[in-house]
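Notes follow once the structure below has been shown.
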Amino acid sequence: MARPIDDTDREQVRLLHAAGKARNEIARAINRSPSTVSKIARELGLAFDRATEVETATRVRRADLAARRADLAVTLHDIAERELSKMTGRALYFEWGGKDHTYAERWQDEPTPADRRTMMATAGAALDRSLKLAPAREEAGEQSRSVIGRLMEGLARNYADRHGEQGVDDDG
Numbered sequence: 356m357a358r359p360i361d362d363t364d365r366e367q368v369r370l371l372h373a374a375g376k377a378r379n380e381i382a383r384a385i386n387r388s389p390s391t392v393s394k395i396a397r398e399l400g401l402a403f404d405r406a407t408e409v410e411t412a413t414r415v416r417r418a419d420l421a422a423r424r425a426d427l428a429v430t431l432h433d434i435a436e437r438e439l440s441k442m443t444g445r446a447l448y449f450e451w452g453g454k455d456h457t458y459a460e461r462w463q464d465e466p467t468p469a470d471r472r473t474m475m476a477t478a479g480a481a482l483d484r485s486l487k488l489a490p491a492r493e494e495a496g497e498q499s500r501s502v503i504g505r506l507m508e509g510l511a512r513n514y515a516d517r518h519g520e521q522g523v524d525d526d527g
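Each number in our numbering corresponds to the 1-based position in the sequence shown with 355 added.
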């Protein structure tokens, strides 16, 4: 049978609670169970309410996650820009193999149409994910257009400037 609660237990709970100790800390300090400490605290009109602490910790955690999402959105935009910059530059193509395991490389003025499509898909996916993490905000008085829409228009103009009005060769 458990030892009865006495005035010494009550006084210790009151003092330790006033010192800011948590229920389990008090239980260990006075060698009683946490449920006994809760019972004594109820009798004394004391509470172990951590709602304010939890609310503050939750706000801090949300702010940290928002900052991480913003950083990740910037990284994804950087990836998209890097992929797009490859589309019009020189491209190195290489082979490694054959019976003698030889290495051969060749440079082209620009990537093949198939490689450009892959770069565009990578850039588009990175931008899409970035905008989901940190949606673009419309500026007052400005007519907003999507980043991807402006990107596609710029690429179409670039292609037309370099190749005339001909379509992209799908054979890669």
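Where a beta carbon is used, it is the ideal one built from N, C-alpha and C, also for glycine.
Of all alpha-carbon atoms in Gly479, Gly375, Asn379 and Val392, the one lying nearest the alpha-carbon of Thr363 is that of Val392.
Our two residues, Asp404 and Asp361, have alpha carbons roughly 24 Å apart in a direct line. Residue pairing for Phe449: DSSP places it in a beta bridge opposite Glu460. A straight line joining the alpha-carbon of Arg378 with that of Leu420 spans about 30 Å. With contacts defined as CB atoms closer than 8 Å, Ala491 and Leu431 fail to qualify as a contacting pair. Bounds of the alpha helix (DSSP H) holding Lys394 are Pro389 to Leu399. About 7 Å separates the CB atoms of Val368 and Leu399; that is less than 8 Å, so the two are in contact. Counting along the chain, the unbroken alpha helix (DSSP H) around Arg423 starts and ends at Ala406 to Lys441. Excluding sequence positions up to five before and after Tyr448, its CB lies within less than 6 Å of the CB of Arg461, all in the same chain and listed in chain order. Looking only at Ser388, Leu401 and Ala515, the smallest Cα-Cα distance to Ala373 is reached by Leu401. By the neighbour-count criterion, in which a residue is buried when 16 or more other Cβ atoms sit within 10 angstroms of its Cβ, Met507 is exposed.
If you look at Glu380, you'll find it in the alpha helix (DSSP H) that goes Arg378 to Ile385.
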